[in-house]
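Chain order of the listed sequences is A and B.
Heads up: the first sequence is residues 1026 to 1494, going by the numbering used here.
Heads up: the second sequence is residues 1026 to 1494, going by the numbering used here.
Protein chains: 2
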Amino acid sequence: MKINRRKRAIQFTGIGLVALATIAAATVPAVADEKSDQSRKGSAQNVILLVGDGMGDFELSAARNYSVGAAGRLKLDALPERSTVTTYSVQESDPSAPNYVPDSAATSTAWSTGVKTSNGRIGTTAGTDEDIPTTMELAKEAGLLIGNVSTARITDATPAGAMAHVAKRGCEGPVQTSASCAADAVENGGPGSIAEQSINLGVDVLLGGGADRYDQTIAGGPYAGKTVTDSAKDRGYSVLRNAADLSTAKQLPALGLFGGGHLPTELVGPQAAPGGVAATCTPNPAFTADVPTLEAMTRSAIGLLSSAESASKQGENGKEDRNEDNRDERKAAGFFLQVEGASIDKQDHAANPCAQIGETIAFDRAVQVALDFAKKDGNTTVIVTADHSHTSQIIPATDKDSLGATATLTTADGQPMKLSYGTSPTAGSQDHTGSTVPYLSYGPANVRVPSLLDHTDIFGIVNKALGLS
Amino acid sequence: MKINRRKRAIQFTGIGLVALATIAAATVPAVADEKSDQSRKGSAQNVILLVGDGMGDFELSAARNYSVGAAGRLKLDALPERSTVTTYSVQESDPSAPNYVPDSAATSTAWSTGVKTSNGRIGTTAGTDEDIPTTMELAKEAGLLIGNVSTARITDATPAGAMAHVAKRGCEGPVQTSASCAADAVENGGPGSIAEQSINLGVDVLLGGGADRYDQTIAGGPYAGKTVTDSAKDRGYSVLRNAADLSTAKQLPALGLFGGGHLPTELVGPQAAPGGVAATCTPNPAFTADVPTLEAMTRSAIGLLSSAESASKQGENGKEDRNEDNRDERKAAGFFLQVEGASIDKQDHAANPCAQIGETIAFDRAVQVALDFAKKDGNTTVIVTADHSHTSQIIPATDKDSLGATATLTTADGQPMKLSYGTSPTAGSQDHTGSTVPYLSYGPANVRVPSLLDHTDIFGIVNKALGLS
């Protein structure tokens, strides 16, 4: 494992200083929960961080109306602690200056490292291209198990920010890295593509799409001439290719690649259009039984990580040891899992309300899996957030002059809901937007957080819960 | 005072039942704050409810970036408890069916009465036009002082929903009521216009615009032939006409009418336009020294209500009595104040980012006044929320193909922030939207609330804090 390929030289100036101050504030909350008295002494053993990509309040409101009605509740609405999160990134040419509309690379880097970077960067500093240690790396170093799950390519920006360091988010496989991130390429002495780095780090569970990236051939170093997938097998990884493989997986490390690119969405329907369309959402034929749901991937990842955790504890101690004061052993046996619902964002870009809402509902089911585990386990913190807000807006059903492309869906209430997409022409890609996004949490030490957080604060909150700080 | 002009017959079916259930959930929070131990036995004496009209997370994010920078904090960000609120209204033709994009009349009615109604209605039921008691009326009946402050006409929908009952929000003065709300008109045996009802109820402090409505002539009943303003004077009201009057006001009841219609915005600038404009925000020349700021109106209202409260307590007891267990006297001396920042919404409708942001900042200053009082007083709860989300979005500064009208402002960071308005053509009125909106609170019994509320829940939360339930 080679975390810092270059001298770490993060400049805590300007925005950096503010970010650091807000981390400190968040990790020492002024107010703690009555309920948490009994578990306040120890840190939580496990953390599951679930990220809805592009899941702002509009996307959640649309999914709520559609799936359970305006007075209904999503699964994630049950998480008791709420805050809201500023998402801005910084500028490559001047890292002290904010960029009000971030991308997933910069935001994932922010919560994974505590440091803001510029759009497109993965785990590296704006302007200076230095690697910044991530929670997943710190957890691995401390002996915790780590997992990364996404409905996108598992090398896509949001999962990548948790486990890799490249100058450009596109450098997902060896081919792209040779072409676009020469300094990162293994043949030039670099740490390799995002796919290579995920295996080098030894992420214990990797589940998602992106087989096309892992099946590329490594161009240098000890695995030269092999695919990333084969190099993973050499290092003990089970490679899973479909839902059946996943359901029978029993051991770590596991690399599940369930599609060449991003996984298909669960629902499909018409794209919003100028003047409006009536949209009926239907199951996606491409979402076959071979493709695991995000819910299934989350359940399997938790199962594999928590079973291994138990095995590890039994192995170390001869018997299970849940002594609260035995901090070193608890640290060694916990896990950190990141789960991304990726295509809320991708379908918002595409102005496709059915697919966007279907992926929000799919993400919500994964939250329920995490919450069920945490409640049963008693020692797991669940955090739900988003990387940035997006384009979709709920406008009056009677609206006739929206400048955006619109689509009208019939909700669980049996009523029309009109969504508008207006940040780009329908033929283009709708834009990310710059609002704060939701933050929700549940945990045994249900630590209260300030009512406004920044993404960089999540780094401190997660590390503290894992016992890393 | 004539609250129920007709038999109260609220139908608790469909959505009504759900709303009632969520009120129950909200008024018996599962988790309370450690800090609140000492004050948990008694209810808070005073409640200040501040409503940013149209103030969704986008509007707050834009105001934050503009005024204090992306890493800065608004005054309202300091309120420790956060939730988010569903805002939907119901349909006039079928009150069991939601309308996903509400107006201010329906939402103000919802938090003021605990019952959802249809867009355009003030304190009356959808379909059946029955009056529904409001918190302000219940507070008055219990002997508390009540106040209502807005930068709009004080008869506009948001303040109106707290204190009046008419079938149509436009029935603000006697003339409109005769024309459009015949059943409500005094000459037909009704309770009169919103302006008349505000005086009949005896709202102790009324501050805002709307002199044009109050200066209309009453067409029936005991004050026939007089203006509403003169009828108020007959009943002991001091009438204030400018900031100087306000600053020297010493007694209740007080009717402050600081403009004929809505009060002017603090900032002005260019309207967003297709293809984009560069917007520099400047002070509004119409916002003269005669016009009080929302901050000044809030400070005066609190001053008048809290001084009268002290006088009342001293009068009743011979000396000040703050015995925590003396509940009846505490109830008799408390106050409920609603404060609206109205033109965040009105300038979002107008696609005018400078005025919209200026009014958000002005609202934020009023929140600080309420928070400062509550911290000093030790027995006041402050709640900040919004009635509905709106159109404005922060999009990438580099965007070139937004379908909406756009404007680029230079923020406190010295960086460009681009806002887009795309729910209607620029020449029209931009639409309300249907996202959840922020909820923030501070109080001596800083009661935790579920992470998702409905507007109707606020009715229960406020009444409980006032000791009315």
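Beta carbons are placed, not taken as given, at the ideal position from N, Cα and C, and that holds for glycine.
Within 7 angstroms, strictly: CB atoms of residue i and residue j
i, j, result
"A:Ile-1420", "B:Asp-1456", "yes"
"A:Gly-1541", "A:Leu-1330", "In this structure chain A extends from 1026 to 1494, so residue 1541 of chain A is not present and cannot be described."
"A:Asn-1267", "A:Thr-1290", "no"
"B:Ser-1414", "B:Thr-1448", "no"
"A:Ser-1108", "A:Leu-1478", "yes"
"A:Leu-1491", "A:Phe-1361", "yes"
"B:Thr-1183", "B:Ser-1223", "no"
"A:Ala-1187", "A:Val-1230", "no"
"A:Val-1462", "A:Thr-1112", "yes"
"B:Asp-1412", "B:Asp-1078", "yes"
"B:Ser-1460", "B:Gly-1081", "yes"
"A:Thr-1150", "A:Thr-1142", "yes"
"B:Gly-1234", "B:Gly-1284", "yes"
"A:Val-1072", "A:Val-1487", "yes"
"B:Gln-1296", "B:Ala-1236", "no"
"A:Glu-1221", "A:Val-1253", "yes"
"B:Ser-1092", "B:Ala-1303", "no"
"A:Lys-1165", "A:Asp-1389", "no"
"B:Leu-1282", "B:Tyr-1239", "yes"
"A:Gly-1468", "A:Tyr-1446", "no"
"B:Lys-1193", "B:Ser-1205", "yes"
"A:Gly-1301", "A:Thr-1431", "yes"
Residue i burial status per 10 Å Cβ neighbour count (16 or more: buried)
i, result
"B:Ser-1272", "exposed"
"B:Glu-1084", "buried"
"A:Asp-1259", "exposed"
"A:Lys-1489", "buried"
"B:Gly-1214", "exposed"
"A:Gly-1403", "exposed"
"B:Thr-1423", "exposed"
"B:Gly-1311", "A small correction: the amino acid at residue 1311 of chain B is Ala; Gly does not occupy that position in the sequence shown. Burial call: exposed."
"A:Asp-1156", "buried"
"B:Pro-1247", "exposed"
"A:Thr-1305", "exposed"
Alpha carbon of residue i to alpha carbon of residue j, nearest angstrom
i, j, result
"A:Val-1409", "A:Gly-1294", "27 angstroms"
"A:Ala-1565", "A:Asn-1090", "Here chain A has residues from 1026 to 1494 only, and residue 1565 of chain A is not among them."
"B:Ser-1263", "B:Ala-1210", "25 angstroms"
"B:Gly-1485", "A:Trp-1136", "37 angstroms"
"B:Asp-1397", "A:Gln-1372", "45 angstroms"
"B:Ala-1298", "B:Gly-1453", "12 angstroms"
"B:Ala-1208", "B:Gly-1145", "16 angstroms"
"B:Asp-1102", "A:Asp-1270", "48 angstroms"
"A:Val-1110", "B:Val-1200", "48 angstroms"
"B:Pro-1317", "B:Val-1140", "33 angstroms"
"A:Ala-1249", "A:Ser-1121", "40 angstroms"
"B:Ser-1466", "A:Gly-1286", "45 angstroms"
"A:Leu-1104", "A:Lys-1401", "15 angstroms"
"B:Ala-1387", "B:Asp-1255", "31 angstroms"
"A:Leu-1226", "A:Leu-1277", "14 angstroms"
"B:Ala-1131", "A:Val-1126", "33 angstroms"
"B:Thr-1451", "A:Lys-1425", "14 angstroms"
"B:Ala-1395", "B:Leu-1493", "21 angstroms"
"A:Glu-1106", "A:Arg-1098", "15 angstroms"
Contact set for residue i: own chain, Cβ-Cβ below 8 angstroms, skip 5 residues either direction
i, result
"B:Ala-1087", "Pro-1378, Gln-1381, Ile-1382, Thr-1385, Ser-1417, Ile-1419, Met-1442 and Leu-1444"
"B:Gln-1116", "Ala-1122, Pro-1123, Asn-1124, Ser-1143 and Ala-1151"
Close Cβ partners of residue i (< 7 angstroms) along its chain, the five nearest in sequence each way excluded
i, result
"B:Ala-1391", "Leu-1075, Leu-1319, Glu-1320, Thr-1323, Val-1364 and Gly-1366"
"A:Ile-1495", "Because residue 1495 of chain A is not part of the residues shown, which for chain A are 1026 to 1494, the question remains open."
"B:Ala-1274", "Ser-1263, Leu-1265, Ser-1325 and Leu-1329"
"A:Gln-1393", "Lys-1100"
Close beta carbons around residue i, own chain, < 6 angstroms, minus the five adjacent residues each side
i, result
"A:Ser-1368", "Thr-1176, Thr-1290 and Glu-1384"
"A:Glu-1212", "Ala-1244 and Gly-1245"
"B:Ile-1327", "Phe-1398"
- Query: When you check each C-beta in the segment 1265-1298 of chain B against every C-beta of chain A, which residues fall closer than 8 angstroms?
  - Reply: none
- Identify each residue in the segment 1120-1135 of chain A for which the Cβ-Cβ distance to at least one residue of chain B is less than 8 angstroms, and report them in chain order. Ala-1122, Pro-1123, Asn-1124, Tyr-1125 and Val-1126
- Query: According to a CB-to-CB cut-off of less than 8 angstroms, which residues of the segment 1419-1430 of chain B neighbour chain A?
  - Reply: Ile-1419, Ile-1420, Pro-1421, Ala-1422, Asp-1424, Asp-1426, Ser-1427, Leu-1428, Gly-1429 and Ala-1430
- Item | Within 8 angstroms of chain B by C-beta, residues of the segment 1444-1459 of chain A in sequence order | Ser-1445, Gly-1447, Thr-1448, Ser-1449, Pro-1450, Gly-1453, Asp-1456, His-1457, Thr-1458 and Gly-1459
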